[in-house]
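Chains as they are written, first to last, in the numbering used here: chain R, 1 to 329; chain X, 1 to 329. Where is the CB? At the ideal position from N, CA and C, for every residue including glycine. Computed from a prediction, not measured in an experiment: that's the story for all the values here. Data block below; observations after.
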């Protein structure tokens, strides 16, 4: 009986959770496990690692052989959340104080570094032939590096006076594209997938990452991302969204000035009036429509890449793509 | 003609510098290269990577094959300095503002993460057989992980009310022992060294690391580490030295209280009188003599480990050990 992708994610998510507890024992009373588990307990649906295992299985591999790599992806994801919270000055995550707020910056930086060490240890523990393991280490390192480069562009974006759609797309491809593809690519490598399959999956990730991110940017202005569906958290946080990039690039001098000024404001000082002003400018230049069109175009391209993946069972990639676009928030 | 270890370090240091500039191009105008080169330009004698190459050569390997691994060790070292400066709140390094002071905490955390990515890329670029490269990735990851664990103990030490010589030695073995050994072990692996050689070199590092660190702790109280030979910077910074651990462990209740109180003080508020009080307590309990004896005992043990290394040319390890103890500050 065919099970749904949601059921697969739940099934594999439990396996990931079990291995995670083995790899980073929660009950240790030290400056590493305690802050890390404070963070890990705030949740996470283990979607990224589950997609790695689903890909491996559908391509004919044994998903248990990909379990350590999948765990590494999940640990890497959490390492970035932990360091990003410091970098962005975020004080709350899922109704809990962030690690740096609760345990101090020193422990938060160091706990993030420790997560990365555990992630590499997990890749190294993969029960697979040497050449495949080396490939996993290569794509894991590439993904880690690209994500850091994307984060550098993101940190820079707030102050950038020449921000544009191109810079936004570069940033998002680096910061979320590699990352989304990495699990699927790892699953393919473990299953013994060919170079062609792997190249296509990278391409797919580089389209899906931005498509997913633009959708996420739109959600903030339609149904809202914050607690109780608050609209405009990205504007409050000065986050460089597609809408900001699009409007900022084509706005006239006065509107550019308003956008940049509100973008640079601290979260606490951004008013409801500021948010309304930004939304008005977005409306004036058609930023929402452009975002919608851009996301749809990327999704179309992604689906055409899927058609070209040289494997029999393409359906799983279509399901993953749909799931990412529709549900992954 | 035999050249001295100082000359070897200088010779190999230049090779490392050349590859470093290839791996992280200095002239890039972004949020990664700029802060990283601000830090790298403050200096560094490339001793750790040079020792890796010297070991490889003396054991019959081609040092060029170990060059990428040696560079990775140097990059890792700098990644830790960069994150440590944030964690310790240090504002100056070698007469320059630290990266987090000049570029902000966000860029400093992220630039450190980027260094680690470049370090792994450097190991992955090693021109050696797959099985040896995998071993390098394993010891590199182990060393990275242990150093982070040592840093966790170090962050904890300032507040610890049960600090002891044992905890100090655990911390120092993790924080500097693996790290010192890692270059030598990597050089042995590249040269095709046996398990026995490699095990002994790990053992050597775990003795040399603490010996070196205790010597460094003593220097702070004798000839001084700060600019113009200022005595007692470790006391000012609240650094958990051997002397602090030793005196704190055996001191009576009143002296313990004084030590803990001064240890917990911010650097700016620690007075000359505080430093004198701590030095008096160290004197009362014989902390200097104990440190001297302990360092000598560790060095003696290290030399006996060297006698047991199953290679013909042990002289190089003796030279490295002497160099570390005498000069590496």
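Residues of chain X with CB closer than 7 Å to the CB of residue i, please, in chain order.
{"i": "residue 109 of chain R", "result": "83, 86, 87 and 109"}
{"i": "residue 130 of chain R", "result": "130, 131 and 134"}
Can the beta-carbon of residue i be found closer than 9 Å to that of residue j?
{"i": "residue 127 of chain R", "j": "residue 65 of chain R", "result": "yes"}
{"i": "residue 106 of chain R", "j": "residue 88 of chain X", "result": "yes"}
{"i": "residue 321 of chain X", "j": "residue 291 of chain X", "result": "no"}
{"i": "residue 120 of chain X", "j": "residue 147 of chain X", "result": "no"}
{"i": "residue 223 of chain X", "j": "residue 258 of chain X", "result": "no"}
{"i": "residue 198 of chain X", "j": "residue 140 of chain X", "result": "no"}
{"i": "residue 83 of chain R", "j": "residue 108 of chain R", "result": "yes"}
{"i": "residue 75 of chain X", "j": "residue 136 of chain X", "result": "no"}
{"i": "residue 247 of chain R", "j": "residue 255 of chain R", "result": "yes"}
{"i": "residue 184 of chain R", "j": "residue 317 of chain R", "result": "yes"}
{"i": "residue 46 of chain R", "j": "residue 3 of chain R", "result": "no"}
{"i": "residue 134 of chain X", "j": "residue 124 of chain R", "result": "yes"}
{"i": "residue 56 of chain X", "j": "residue 194 of chain X", "result": "no"}
{"i": "residue 284 of chain X", "j": "residue 274 of chain X", "result": "no"}
{"i": "residue 289 of chain R", "j": "residue 163 of chain R", "result": "no"}
{"i": "residue 131 of chain X", "j": "residue 130 of chain R", "result": "yes"}
{"i": "residue 30 of chain X", "j": "residue 260 of chain R", "result": "no"}
Taking residue i as the query, report the chain X residues whose CB atoms sit under 9 Å from its CB, ordered along the chain.
{"i": "residue 156 of chain R", "result": "30, 31 and 107"}
{"i": "residue 291 of chain R", "result": "Under the 9 Å cutoff, chain X gives no residues; its nearest Cβ is about 26 Å from residue 291 of chain R."}
{"i": "residue 152 of chain R", "result": "30, 31, 32, 107, 110, 111 and 114"}
{"i": "residue 144 of chain R", "result": "113, 116, 117 and 120"}
Residues of chain R with a CB under 7 Å from the CB of residue i: which are they?
{"i": "residue 331 of chain X", "result": "In this structure chain X extends from 1 to 329, so residue 331 of chain X is not present and cannot be described."}
{"i": "residue 137 of chain X", "result": "124 and 137"}
{"i": "residue 278 of chain X", "result": "Those do not exist, as residue 278 of chain X stays about 23 Å from chain R at its closest Cβ, beyond 7 Å."}
If you count every other CB in all the chains shown that lies within 10 Å of the CB of residue i, and 16 or more means buried, which is it?
{"i": "residue 329 of chain R", "result": "Here the model assigns residue 329 of chain R a pLDDT of 48, short of 50, so the residue's position is not dependable and the matter cannot be decided."}
{"i": "residue 234 of chain R", "result": "buried"}
{"i": "residue 145 of chain X", "result": "buried"}
{"i": "residue 35 of chain X", "result": "buried"}
{"i": "residue 110 of chain X", "result": "buried"}
{"i": "residue 91 of chain X", "result": "exposed"}
{"i": "residue 272 of chain X", "result": "exposed"}
{"i": "residue 77 of chain R", "result": "buried"}
{"i": "residue 293 of chain R", "result": "exposed"}
{"i": "residue 326 of chain R", "result": "exposed"}
{"i": "residue 113 of chain R", "result": "buried"}
{"i": "residue 344 of chain R", "result": "Missing from the structure shown is residue 344 of chain R; chain R here goes from 1 to 329 and no further."}
{"i": "residue 22 of chain X", "result": "exposed"}
{"i": "residue 315 of chain R", "result": "exposed"}
{"i": "residue 43 of chain R", "result": "exposed"}
Looking only at DSSP bridge pairs, what is residue i linked to?
{"i": "residue 213 of chain R", "result": "BP columns for residue 213 of chain R are empty, so no partner."}
{"i": "residue 49 of chain R", "result": "Answer by DSSP bridge pairing: none, since residue 49 of chain R is not bridged."}
{"i": "residue 208 of chain R", "result": "Its beta-bridge partners do not exist; DSSP assigns none."}
{"i": "residue 92 of chain R", "result": "R/97"}
Under 8 Å Cβ to Cβ from residue i, same chain only, skipping five residues before and after it: list those, please.
{"i": "residue 154 of chain X", "result": "171, 175 and 240"}
{"i": "residue 305 of chain R", "result": "200, 203, 204 and 207"}
{"i": "residue 38 of chain R", "result": "96, 99, 102 and 103"}
{"i": "residue 173 of chain X", "result": "150, 206, 209 and 210"}
Closer than 8 Å: is that where the CB of residue i sits relative to any heavy atom of the ligand GTP?
{"i": "residue 76 of chain X", "result": "Within the structure as shown, the ligand GTP is missing, as the structure has no ligands at all."}
Using a Cβ cut-off of 8 Å, pull out every chain X residue sitting near residue i, in sequence order please.
{"i": "residue 149 of chain R", "result": "32 and 114"}
To which residues of the same chain is residue i closer than 7 Å at the C-beta, ignoring the five residues directly before and after it?
{"i": "residue 196 of chain R", "result": "310"}
{"i": "residue 168 of chain R", "result": "240, 242 and 245"}
{"i": "residue 192 of chain R", "result": "61"}
{"i": "residue 33 of chain R", "result": "24, 25 and 26"}
{"i": "residue 202 of chain X", "result": "181 and 185"}
{"i": "residue 86 of chain R", "result": "100, 105, 108 and 109"}
{"i": "residue 8 of chain X", "result": "50 and 54"}
{"i": "residue 98 of chain X", "result": "85, 90, 91 and 92"}
{"i": "residue 319 of chain R", "result": "5"}
Mind pulling the chain R residues with CB within less than 9 Å of residue i?
{"i": "residue 179 of chain X", "result": "Neighbours of residue 179 of chain X on chain R: none; closest Cβ ~13 Å, over 9 Å."}
Among residues of its own chain, excluding the 5 on either side of residue i, which ones have a beta-carbon nearer than 6 Å to its beta-carbon?
{"i": "residue 267 of chain X", "result": "236 and 237"}
{"i": "residue 295 of chain R", "result": "211, 214 and 215"}
{"i": "residue 313 of chain R", "result": "58"}
{"i": "residue 53 of chain X", "result": "12, 63, 66 and 70"}
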